[in-house]
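J.: For the sequence shown, position 280 matches number 279 in numbering that gives the first Met the number 0, and the numbering has no gaps at all.
Idealized CB from N, CA, C, for every residue including glycine.
I have a structure here, written as structure tokens, and I will follow up with some questions on it.
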Amino acid sequence: MMATSGIPGMSVAVVRGTNTVFAQGYGVTSVTTQQGVNADTVFQLASVSKSVGATVVAAQVGQGVVSWDTPMSRVLPWFTLADPTTTAKVTVGDLYAHRSGLPEHAGDTLEEIGYDQTQILQRLHYLALDPFRTTYHYTNFGLTAGAAGVAAAAGVDWATLSQQAIYQPLGMTRTSSLYADFAARSNAAAGHVLVNGKYVPGPLRDPDPQSPAGGVSSSANDMARWLAMLLRNGTVNGQVVIPASALQPALSQQIESRPATATLPAAYYGYGFVVSTTASGRAMFNHSGAFTAGAATTFMVVPSMDLAIVVLTNTAPVGVPEALAQQFFDLVQYGKAQQDWLAFFTSVFAVYSQPVGALAGATPPASPAPAQPLANYAGVYANDYFGPLQVAVQDNALVLTLGPASTQFTCTHWNGDVFSYVLPPTEAPAGSRFEVSFAGQQVTLDNFNEQGLGTFTRAS
Numbered sequence: 000m001m002a003t004s005g006i007p008g009m010s011v012a013v014v015r016g017t018n019t020v021f022a023q024g025y026g027v028t029s030v031t032t033q034q035g036v037n038a039d040t041v042f043q044l045a046s047v048s049k050s051v052g053a054t055v056v057a058a059q060v061g062q063g064v065v066s067w068d069t070p071m072s073r074v075l076p077w078f079t080l081a082d083p084t085t086t087a088k089v090t091v092g093d094l095y096a097h098r099s100g101l102p103e104h105a106g107d108t109l110e111e112i113g114y115d116q117t118q119i120l121q122r123l124h125y126l127a128l129d130p131f132r133t134t135y136h137y138t139n140f141g142l143t144a145g146a147a148g149v150a151a152a153a154g155v156d157w158a159t160l161s162q163q164a165i166y167q168p169l170g171m172t173r174t175s176s177l178y179a180d181f182a183a184r185s186n187a188a189a190g191h192v193l194v195n196g197k198y199v200p201g202p203l204r205d206p207d208p209q210s211p212a213g214g215v216s217s218s219a220n221d222m223a224r225w226l227a228m229l230l231r232n233g234t235v236n237g238q239v240v241i242p243a244s245a246l247q248p249a250l251s252q253q254i255e256s257r258p259a260t261a262t263l264p265a266a267y268y269g270y271g272f273v274v275s276t277t278a279s280g281r282a283m284f285n286h287s288g289a290f291t292a293g294a295a296t297t298f299m300v301v302p303s304m305d306l307a308i309v310v311l312t313n314t315a316p317v318g319v320p321e322a323l324a325q326q327f328f329d330l331v332q333y334g335k336a337q338q339d340w341l342a343f344f345t346s347v348f349a350v351y352s353q354p355v356g357a358l359a360g361a362t363p364p365a366s367p368a369p370a371q372p373l374a375n376y377a378g379v380y381a382n383d384y385f386g387p388l389q390v391a392v393q394d395n396a397l398v399l400t401l402g403p404a405s406t407q408f409t410c411t412h413w414n415g416d417v418f419s420y421v422l423p424p425t426e427a428p429a430g431s432r433f434e435v436s437f438a439g440q441q442v443t444l445d446n447f448n449e450q451g452l453g454t455f456t457r458a459s
């Protein structure tokens, strides 16, 4: 699979019962340094962090600090949603099951332009909600809010709580929920992205604002210790780390996340875990993680087989971890792969490499209508959700500046009052192009308009 995909590095561990029966690294941590990967190499877990964090919450449930049904209004009273009734009712479990009604990936674009965790959680108030507890929308910052509430109830920050509740008791000495710890590791996998058919180091990804949802870094050996704990229903060496009664709800079906397809059975989301069945009908739970900046991970647990696998890679997602995990369990159950899983998951993950933006793939008009003098567009435009947008003229081009990180986009004229910008190939797939459209006293940025909040109104 590595040869076929070209990914630089991978680490794999297999757990049977309480024993790590296989742990091996392959390839290199970086195409630049060529340092070899081993089972202690630390990778960014991306969204596998949600499952790890769910066990941190389960440990607090077991200690009576919170329950899965604790209302957020009790533990994080400043967290409010657009609907007051939902605000009053939404629980830690609702947020960990992605059933709060928040739209998919709510808050992610705020993180991209430099807002911190508290600022993002406060701004979720501006997002329209879908029906509460009956719609499933995967959200990094909804789940992060749930974790923030648990940490507040425990009286300690999330990274420290994770260390005390799970990492230290399990001996996960190379695991952390702080980006600074990952960045300081000497044996750590750098993220890679595919540019012109070759993997190159991607932009640094600091996921601290969404740490409970995507900020854990760990090794295959450490994750094996965590998987062994799951296979023993929260017990390690006879010591109860998480009472089974607190852990099992996280591993139970809470809401349907994917209907059955011709290839895969229906999937459900528990609290931080995907809950499903294997092709042979065995109950299983898993989760995948992906950073387009260069991380792709997965784990899969089949309790009735007393067996689990974790696969960590250092590239943007192309389906390799999921393919390897599925093929492994095929080999165990049937003695051979039941289909070409790499081809299947390569097609599933192809969406990540497709051009994005309203003008992606479009041809510029041969004779575009002229723009107004650029100074006419300059000014400050207000937006409650994203904050102020500064439009300035620099070197005879419009430059947009947005967010606490002063993220800048340099525009080129497209047609009339419409401009566009592109991002570097390490940040957006080749062919992506985003539209900036001025209309009277307003400007709309299509890259920030997924929830219909991408229109800014002139303030000065």
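Starting from Ile-6 and walking both ways along the beta strand (DSSP E), at which residues does that stretch end?
T.: Element bounds for Ile-6: n/a, residue is neither H nor E.
J.: Tell me which residue opens and which closes the beta strand (DSSP E) that Leu-388 is part of.
T.: Note, Leu-388: beta strand (DSSP E), 388 to 393.
J.: So is Val-65 buried or exposed if we call it buried at 16+ other beta carbons inside 10 Å?
T.: Buried.
J.: Using 8 angstroms for Cβ pairs, my map puts Met-299 next to Ala-289. What's the rounded Cβ distance?
T.: About 16 angstroms separates the two Cβ atoms, so there is no contact after all.
J.: Going by DSSP, name the residue or residues bridged to Val-27.
T.: Answer is Gly-35, bridged to Val-27.
J.: Are there 16 or more other CB atoms within 10 angstroms of the CB of Val-74, so buried, or fewer, so exposed?
T.: Its Cβ being crowded by 16 or more others within 10 Å, Val-74 is buried.
J.: Hey, would you say Gly-430 sits closer than 8 angstroms to Thr-443, going by beta carbons?
T.: Not in contact: Gly-430 and Thr-443 (Cβ atoms no closer than 8 angstroms).
J.: Taking the DSSP output, what are the residues bridged to Ala-282?
T.: DSSP, once it has assigned bridges, lists Thr-276 as partnering Ala-282.
J.: Am I right that Asn-139 and His-191 are in contact with their C-beta atoms under 8 angstroms? What's the rounded C-beta distance?
T.: Actually they do not touch by this definition, with Cβ atoms about 22 angstroms apart.
J.: Between Gly-100 and Phe-131, which are expected to be in contact by the criterion C-beta below 8 angstroms, what is the C-beta distance as a whole number of angstroms?
T.: Yes, they are in contact, since the Cβ atoms of Gly-100 and Phe-131 sit about 5 angstroms apart, within 8 angstroms.
J.: Tell me the start and end of each unbroken alpha helix (DSSP H) in the stretch 115 to 152 that is at least 4 residues and wholly inside, in chain order.
T.: Taking only runs of at least 4 residues, the alpha helix (DSSP H) segments lying wholly in the stretch 115 to 152 are 116 to 122.
J.: Is it right to say Pro-258 is buried, meaning 16 or more other beta carbons lie within 10 angstroms of its own, or is it exposed?
T.: With fewer than 16 Cβ atoms within 10 Å of its Cβ, Pro-258 is classed as exposed.
J.: Assign Val-41 to one of three DSSP states: helix, strand, or coil.
T.: Strand, per DSSP.
J.: Considering only the beta carbon of each residue, do Ala-151 and Thr-40 sit closer than 8 angstroms?
T.: Against a cut-off of 8 angstroms, the Cβ pair of Thr-40 and Ala-151 comes out as no contact.
J.: Can you tell me whether Glu-255 is buried or exposed, with buried defined as 16 or more other CB within 10 angstroms of its CB?
T.: It counts as exposed.
J.: List, from N- to C-terminal side, the beta strand (DSSP E) runs of 3 residues or more that fit wholly inside the stretch 354 to 406.
T.: Within the stretch 354 to 406, the complete beta strand (DSSP E) runs of at least 3 residues are 378 to 381, 388 to 393, 396 to 401.
J.: Is it the case that the Cβ atoms of Ala-324 and Val-310 are separated by a distance below 8 angstroms?
T.: In contact: Ala-324 and Val-310 (Cβ atoms closer than 8 angstroms).
J.: Note the first and the last residue of the continuous beta strand (DSSP E) segment covering Glu-255.
T.: Unbroken beta strand (DSSP E) run through Glu-255: 254 to 257.
J.: Whose C-beta lies closer than 6 angstroms to the C-beta of Leu-94 among residues of the same chain, with five residues either side of it excluded?
T.: Taken in chain order, the residues that qualify are Gly-141, Leu-142, Ala-144, Gly-145.
J.: Taking 8 angstroms as the cut-off, does the stretch 333 to 345 touch the stretch 27 to 34 (at least 3 CB pairs, one atom from each stretch)?
T.: Because the criterion of three Cβ pairs below 8 angstroms is not met, the stretch 27 to 34 and the stretch 333 to 345 do not touch.
J.: By the 10 Å Cβ neighbour count, where 16 or more other Cβ atoms means buried, how is Asn-236 classified, buried or exposed?
T.: Exposed, because fewer than 16 other Cβ atoms sit within 10 Å of the Cβ of Asn-236.
J.: With a threshold of 8 angstroms, are at least 3 pairs of Cβ atoms found where one atom belongs to the stretch 271 to 284 and the other to the stretch 40 to 53?
T.: As far as the Cβ criterion goes, the stretch 271 to 284 touches the stretch 40 to 53, which means the pair count is three or higher.
J.: Do you know how far the Cα of Tyr-384 is from the Cα of Arg-122?
T.: If I take the Cα positions, the gap works out to 6 angstroms.
J.: Where does Val-60 land, buried or exposed, given buried means 16+ other C-beta within 10 angstroms?
T.: Answer is buried; the Cβ neighbour count reaches 16.
J.: Kindly indicate which residue of Met-304, Leu-160, Thr-117, Ala-189 has the alpha-carbon position closest to the one of Ser-176.
T.: Comparing Cα positions, the closest option is Leu-160.
J.: Cutting at 6 angstroms between CB atoms, please list the residues of its own chain near Thr-234, excluding the five before and the five after it.
T.: Same-chain partners within the cutoff: there are none.
J.: In chain order, what residues of the same chain have a beta carbon less than 6 angstroms from the beta carbon of Asn-232, not counting five sequence neighbours either side?
T.: Excluding sequence neighbours, Asn-232 sits near Ala-243.
J.: Give me the residue from Asp-205, His-286, Val-421, Thr-400 with the minimum Cα distance to Met-222.
T.: Taking only the C-alpha atoms, the option nearest Met-222 is His-286.
J.: Report the rounded CA-to-CA distance for Ala-349 versus Pro-428, giving the unit in angstroms.
T.: Rounded to whole angstroms, Ala-349 to Pro-428 spans 11 angstroms at the Cα level.
J.: May I ask which residues mark the beginning and end of the beta strand (DSSP E) holding Pro-200?
T.: Its beta strand (DSSP E) spans residues 197 to 200.
J.: Should Ala-374 and Val-398 be called a contact, given that it needs their Cβ atoms to be closer than 8 angstroms?
T.: Result no, Cβ atoms of Ala-374 and Val-398 do not sit closer than 8 angstroms.
J.: Within a Cβ cutoff of 7 angstroms, which residues of the same chain sit near Pro-202, ignoring the five residues on either side of it in sequence?
T.: Cβ neighbours of Pro-202 beyond the five flanking positions: Ala-292, Thr-425, Glu-426.
J.: Below 6 angstroms CB to CB, which residues in the same chain sit around Gln-332 once its five sequence neighbours on both sides are set aside?
T.: For Gln-332, where only same-chain residues beyond five positions count, the Cβ hits under 6 angstroms are Ser-279.
J.: Let me check understanding here. Comparing Cα to Cα, which of Thr-133, Val-194, Gln-163 lies closest to Leu-422?
T.: Nearest of Thr-133, Val-194, Gln-163 to Leu-422, Cα basis: Val-194.
J.: In chain order, what are the residue ranges of uninterrupted alpha helix (DSSP H) at least 4 long that sit wholly in the stretch 176 to 255?
T.: The qualifying runs are 178 to 183, 210 to 213, 219 to 230, 243 to 246.
J.: Between which residues of its own chain and Asp-416 is the CB-CB distance below 6 angstroms, once the five residues before and five after are set aside?
T.: Only Phe-437 meet the Cβ criterion.
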